Amino acid sequence: MSPNGENITNTEGNFLSQINREERVHARHSTYLRCEVSYMKTGIRRYSALQAILLNISEGGALIELPMTLGTGHHVYLVLQNYPAKITSAIIDITTHGTHLKFANLLPLEDVLQVAAGRPYDKPDNQHTMR
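Mapped onto this note's numbering, the consecutive letters of the sequence shown carry residue numbers 85 to 215.
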């Protein structure tokens, strides 16, 4: 469900079914960190990864700079050097500023602040917050 109470899944249960613009709910935190975006190419077993730059991040999404365009609607995993989990995401927009990602699940604010500051992740493994 979206913050407005609207269902954002399609008949297949895909959270990408609502790609239209939504108003920003969470504040963005500027950063400039190397990251990786992994995704499935068309076809069977066509897994690939791209090096990227994380430009900003919030609890609900991120802005990244990619060396090539993947296109809106792609499901991707955002891999950060200072965060222990792959973050399930979708490309929701591509602008001159970069590629806009929406996370499938919200990140805790304290994790976002730690990532944005470039600090190493310091929670014990059993307190890991991503699913």
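A virtual CB, placed ideally from N, CA and C, is assigned to each residue, including glycine. Every value quoted in this text rests on a predicted model; they were computed, and no experiment measured them.
Looking at LEU154, ARG118, VAL109, SER114, the one whose alpha-carbon comes closest to that of LEU164 is ARG118. Cβ-Cβ separation between GLU143 and LEU190: approximately 5 angstroms, consistent with a contact (criterion under 8 angstroms). Going by DSSP, VAL196 is part of the alpha helix (DSSP H) stretching over 193 to 201. At least 8 angstroms separates the beta-carbon of TYR123 from that of HIS181. Non-local beta-carbon contacts of HIS110 in its own chain, meaning distances under 7 angstroms to residues more than five positions away in sequence, involve SER142, GLU143, GLY144 in chain order. Following the DSSP letters along the chain, one finds ALA169 in no beta strand (DSSP E), marked with neither H nor E. Inter-residue distance for ALA188 and ALA146 is about 12 angstroms (C-alpha atoms, whole angstroms).
Where MET152 is concerned, there is no enclosing beta strand (DSSP E), because DSSP gives it neither an H nor an E.
In this structure, the alpha-carbon of THR153 lies about 11 angstroms from that of ASP177. Counting only residues of its own chain and dropping the five nearest sequence neighbours on each side, HIS113 has a CB closer than 7 angstroms to the CB of ASN140, ILE141, SER142, VAL196, LEU197, ALA200.
For PRO151 against LEU134, the beta-carbon gap comes to about 6 angstroms, under 8 angstroms, which counts as contact.
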